[in-house]
Amino acid sequence: MSPTPNAAPKSAEWDAIVIGSGPNGLAGAVTLARAGLRVLVLERNAQPGGGLSSAALTLPGFTHDVGSAIHPLGLASPAFRDWPLHAFGLDWVTPPAPFGHVMEDGRGVVIEQSLDATAESLGAGGRGWRTLFGPMLAGWEGMLDDVLRPLPRLPKHPLTLARFGLRGVPPAVLGARLLKTPEARAAWAGLAAHGTLPLSVPGTGAAALMLGTLAHAVNWPFPRGGAQSLTNALVAYLRFLGGDVQTGVNVESLKDLPPARVVLVDSSPRVLLDLLGDAATPAYRRWLGRYRYGSGILKLDYALSGPVPWLDPALRRAGTLHLGGTLEAIAQAEATVSRGGLPERPYVLAAQHTLFDPSRAPAGQHTFWAYAHVPPNTPDSYADTIEAQIERAAPGFRDLILGRTLTNARQLQALSPVFEGGDVNGGKGDLWGLLARPLPTPTPYRTPDPRVYLCSSATPPGGGIHGMGGYWAARAALNDHQF
Ligand SMILES: Cc1cc2nc3c(=O)[nH]c(=O)nc-3n(C[C@H](O)[C@H](O)[C@H](O)COP(=O)(O)OP(=O)(O)OC[C@H]3O[C@@H](n4cnc5c(N)ncnc54)[C@H](O)[C@@H]3O)c2cc1C
Numbered sequence: 388m389s390p391t392p393n394a395a396p397k398s399a400e401w402d403a404i405v406i407g408s409g410p411n412g413l414a415g416a417v418t419l420a421r422a423g424l425r426v427l428v429l430e431r432n433a434q435p436g437g438g439l440s441s442a443a444l445t446l447p448g449f450t451h452d453v454g455s456a457i458h459p460l461g462l463a464s465p466a467f468r469d470w471p472l473h474a475f476g477l478d479w480v481t482p483p484a485p486f487g488h489v490m491e492d493g494r495g496v497v498i499e500q501s502l503d504a505t506a507e508s509l510g511a512g513g514r515g516w517r518t519l520f521g522p523m524l525a526g527w528e529g530m531l532d533d534v535l536r537p538l539p540r541l542p543k544h545p546l547t548l549a550r551f552g553l554r555g556v557p558p559a560v561l562g563a564r565l566l567k568t569p570e571a572r573a574a575w576a577g578l579a580a581h582g583t584l585p586l587s588v589p590g591t592g593a594a595a596l597m598l599g600t601l602a603h604a605v606n607w608p609f610p611r612g613g614a615q616s617l618t619n620a621l622v623a624y625l626r627f628l629g630g631d632v633q634t635g636v637n638v639e640s641l642k643d644l645p646p647a648r649v650v651l652v653d654s655s656p657r658v659l660l661d662l663l664g665d666a667a668t669p670a671y672r673r674w675l676g677r678y679r680y681g682s683g684i685l686k687l688d689y690a691l692s693g694p695v696p697w698l699d700p701a702l703r704r705a706g707t708l709h710l711g712g713t714l715e716a717i718a719q720a721e722a723t724v725s726r727g728g729l730p731e732r733p734y735v736l737a738a739q740h741t742l743f744d745p746s747r748a749p750a751g752q753h754t755f756w757a758y759a760h761v762p763p764n765t766p767d768s769y770a771d772t773i774e775a776q777i778e779r780a781a782p783g784f785r786d787l788i789l790g791r792t793l794t795n796a797r798q799l800q801a802l803s804p805v806f807e808g809g810d811v812n813g814g815k816g817d818l819w820g821l822l823a824r825p826l827p828t829p830t831p832y833r834t835p836d837p838r839v840y841l842c843s844s845a846t847p848p849g850g851g852i853h854g855m856g857g858y859w860a861a862r863a864a865l866n867d868h869q870f
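Using this note's numbering, you'd call the opening residue of the sequence shown number 388 and step up by one each time.
This is the structure we're talking about:
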């Protein structure tokens, strides 16, 4: 399929309206459009994408990812992987190694895409790494099919799902017992900490298992030119299918919408309740009123005059970096944040796109994307602590800074109401947070208004760039309304 010019302008007749153009909104819109519906997406921001967007945040000529930066789920998602997004401009960049972990003394633990090469490089820790990821890797597509969907459902791949549950449901600290070296345990902890929870919480093994498996299955790629390229490809595909996206439209009431049989809402439970107004029953209002969020983040985007001078040059092979040292140090840092404290040596998640995608910066110059989890009301000055953590791993980093932009929890929530309190996952990701997202029903996308469906990351399967909340919400709408 090759791109064609936009479909002819439509009359104001739509089968479906999608409020919000994040990855879930766009995935929902495309799913409906692929079923033959005429779909209009309305977005309050000036550009589409929500957490999947890019901008010159620091200096002209530098393209930074405003939200998400690393997209193994974007490539592997059951929704996106079968869509012809490459025909609409999407080009994945794959770094030589998916991620690197930085130990306290600056040594790098580089996780290769090859499971064999990784197990070998981890030495005595390699056997446990293979035990954790080998079985998952063998059935990774089935694992995604069963995990990235509303729970509980009859699994299509029960054995793979059972294995995933065995290692993923317990706290990450338990899974780490299989790993016999500090380096392997640290790399596992760095994966688990993506979940924004203390590593002693049940369910934190799941983030580690999923992200580590994807590192070996598809690497941790990112769209050439910035995360916005994935959004732009989704928008172009939607237009190819006859849909449209209008930006700069903040929907405050469902009454303001053009007539449509179905409305998907890619927003927070709070905004959904406002939109529903009297249609929200007291019980539904109570459930959504109790919706819980995890910690926020403080994010830093840098324009640099050169590549990050890692103490360990092997770290230059990785697109993503985890800083924070041993499992024990990361577990302590994340527990401190969850108690409302600020660790002196935070767990920092970082990405160095321009080493592999020079189109994002002027020749010879670089971008750097980094964040740390923080409790509510963290002062912006904590950025210096995050930066000090980077400087310890890469002495001379500060001397390369041409520009720096800070994004705090309040600013993230201004980007999208989905990121309430700066929670990048749009809601707490513990076991209850996954089962009751936003309430414990088999089809949590439905709302008391039979026309209206919630589709954001406040629905299963939760945070991340996979579009599956939108996909499943659209499927529910298609089933319910017999289009
Ligand atoms: C800093 C950061 C880093 C991240 N890193 C990664 C990563 O590396 N990899 C990864 O997979 N995930 C990452 N994530 C998570 C990922 O970005 C989110 O899970 C994802 O964007 C959620 O998609 P969504 O469509 O549910 O919501 P959003 O992306 O928030 O999109 C919702 C959209 O709806 C619009 N909207 C809401 N209400 C209304 C309204 N009433 N009227 C009109 N428009 C409305 C918003 O403006 C927004 O554009 C990150 C998130 C952040 C913030």
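All C-beta atoms, glycine included, are put in the ideal place defined by N, C-alpha and C.
Taking residue i as the reference, which of the options has the closest Cα?
{"i": "His581", "options": "Tyr769, Thr792 and His760", "result": "His760"}
{"i": "Asn619", "options": "Val605, Trp607, Thr634 and Ala666", "result": "Thr634"}
{"i": "Gly521", "options": "Ala604, Tyr624, Ala594 and Pro483", "result": "Ala604"}
{"i": "Asp350", "options": "Phe609, Leu535 and Arg514", "result": "Here the chain covers residues 388 to 870 and nothing more, so residue 350 does not appear."}
{"i": "Ala718", "options": "Ala573, Ala602, Gly590 and Ala775", "result": "Ala573"}
{"i": "Leu802", "options": "Ser746, Ser654 and Val497", "result": "Ser654"}
{"i": "Trp607", "options": "Phe449, Glu499 and Thr713", "result": "Glu499"}
{"i": "Thr794", "options": "Lys686, Ala571 and Pro825", "result": "Lys686"}
{"i": "Arg648", "options": "Asn432, Tyr840 and Gly487", "result": "Tyr840"}
{"i": "Gly436", "options": "Pro459, Gly407 and Leu460", "result": "Gly407"}
{"i": "Ala667", "options": "Val805, Ser616, Gly850 and Arg838", "result": "Arg838"}
{"i": "Leu578", "options": "Ser587, Ala593 and Pro569", "result": "Ala593"}
{"i": "Gly552", "options": "Met523, Ala576 and Trp575", "result": "Met523"}
{"i": "Leu787", "options": "Val428, Val636, Gly751 and Pro569", "result": "Gly751"}
{"i": "Leu789", "options": "Pro645, Tyr624 and Pro694", "result": "Pro694"}
{"i": "Gly447", "options": "Pro763, Pro804 and Ala748", "result": "Reading the sequence as shown, one finds Pro at residue 447 and not Gly. Nearest option by C-alpha distance: Ala748."}
Counting C-beta neighbours from all protein chains within 10 Å, is the total for residue i 16 or more, i.e. buried, or is it exposed?
{"i": "Glu400", "result": "exposed"}
{"i": "Ser398", "result": "For Ser398, the pLDDT reaches just 47, beneath the cut-off of 50, and the residue's location in the model is therefore unreliable, although a value from the coordinates is still provided. Exposed, since its Cβ has fewer than 16 Cβ neighbours within 10 Å."}
{"i": "Trp819", "result": "exposed"}
{"i": "Arg673", "result": "exposed"}
{"i": "Pro656", "result": "buried"}
{"i": "Ala810", "result": "Contrary to the premise, residue 810 reads as Asp rather than Ala in this sequence. By the 10 Å Cβ count, Asp810 comes out buried."}
{"i": "Leu675", "result": "buried"}
{"i": "Leu464", "result": "Per the sequence shown, the amino acid found at residue 464 is Ser instead of Leu. Ser464 is buried by the Cβ-count criterion."}
{"i": "Thr765", "result": "buried"}
{"i": "Lys543", "result": "exposed"}
{"i": "Gly849", "result": "buried"}
{"i": "His488", "result": "buried"}
Could you give the distance in angstroms between the alpha-carbon of residue i and the alpha-carbon of residue j?
{"i": "Ala394", "j": "Ala420", "result": "With a pLDDT of only 42 at Ala394, under the threshold of 50, the placement of this residue in the model should not be trusted, and no figure is reported."}
{"i": "Ala861", "j": "Tyr678", "result": "22 Å"}
{"i": "Ala863", "j": "Ala722", "result": "38 Å"}
{"i": "Leu799", "j": "Leu691", "result": "23 Å"}
{"i": "Thr754", "j": "Gln739", "result": "7 Å"}
{"i": "Gln869", "j": "Pro835", "result": "18 Å"}
{"i": "Leu413", "j": "Gly857", "result": "7 Å"}
{"i": "Arg791", "j": "Tyr689", "result": "5 Å"}
{"i": "Leu462", "j": "Pro482", "result": "14 Å"}
{"i": "Pro847", "j": "Gly783", "result": "43 Å"}
{"i": "Asp402", "j": "Leu541", "result": "31 Å"}
{"i": "Asp643", "j": "Ile404", "result": "11 Å"}
{"i": "Val658", "j": "Gly599", "result": "34 Å"}
{"i": "Val560", "j": "Val735", "result": "19 Å"}
{"i": "Leu822", "j": "Leu535", "result": "12 Å"}
{"i": "Ala781", "j": "Trp697", "result": "4 Å"}
{"i": "Ala456", "j": "Pro545", "result": "32 Å"}
{"i": "Pro471", "j": "Arg732", "result": "43 Å"}
{"i": "Pro557", "j": "Leu538", "result": "17 Å"}
{"i": "Ala757", "j": "Asp867", "result": "42 Å"}
{"i": "Asn411", "j": "Arg554", "result": "28 Å"}
{"i": "Leu586", "j": "Phe627", "result": "44 Å"}
{"i": "Asn812", "j": "Phe806", "result": "7 Å"}
{"i": "Leu477", "j": "Ala705", "result": "21 Å"}
Any chance the CB of residue i is under 7 Å from a heavy atom of ligand 3?
{"i": "Gly814", "result": "As far as ligands go, the structure on display features ligand 1 and does not contain ligand 3."}
Would residue i pass as an interface residue toward chain D - the criterion being a Cβ-Cβ separation below 8 Å?
{"i": "Ser803", "result": "Among the protein chains of the structure shown there is no chain D, as only one such chain exists."}
| task | Counting only runs of 3+ residues fully inside the segment 666 to 711, write out the beta strand (DSSP E) ranges in chain order. | result | Listed in chain order, the complete beta strand (DSSP E) runs (minimum 3 residues) inside the segment 666 to 711 are 683 to 691 and 705 to 710.
| task | Tell me the start and end of each unbroken beta strand (DSSP E) in the segment 458 to 491 that is at least 3 residues and wholly inside, in chain order. | result | Runs of the beta strand (DSSP E) lying entirely within the segment 458 to 491 and spanning at least 3 residues, in chain order: 484 to 489.
| task | Quick one: which unbroken beta strand (DSSP E) runs of 3-plus residues sit fully inside the segment 745 to 830? Chain order, please. | result | You should have 753 to 761 and 788 to 794.
| message | Assess contact between the segment 817 to 831 and the segment 719 to 729, defined as three or more Cβ pairs (one per stretch) separated by less than 8 Å. Is contact present? | response | Cβ pair count under 8 Å is below three, so no.
| Are there three or more Cβ pairs, one per stretch, closer than 8 Å when the segment 421 to 428 is compared with the segment 436 to 451? | Not touching, per the Cβ criterion.
| Which full runs of the alpha helix (DSSP H) of 4+ residues lie inside the segment 602 to 648, going along the chain? | Whole alpha helix (DSSP H) segments, 4+ residues: 615 to 627.
| request: Specify whether the segment 554 to 567 and the segment 515 to 529 touch according to this definition: at least 3 beta carbon pairs, one from each stretch, less than 8 Å apart. | output: By the Cβ test, the segment 554 to 567 is in contact with the segment 515 to 529, since at least three Cβ pairs between them sit closer than 8 Å.
| said: For the structure I just gave you, are there three or more beta carbon pairs, one from the segment 627 to 646 and one from the segment 496 to 506, closer than 8 Å? | reply: The segment 627 to 646 makes no contact with the segment 496 to 506, as fewer than three CB pairs between them are under 8 Å.
| request: Write down every uninterrupted run of the beta strand (DSSP E) in the segment 395 to 424 whose length is 3 residues or greater and which is fully enclosed by it, in chain order. | output: Contiguous beta strand (DSSP E) elements confined to the segment 395 to 424 occur at 403 to 406, taking only those with 3 or more residues.
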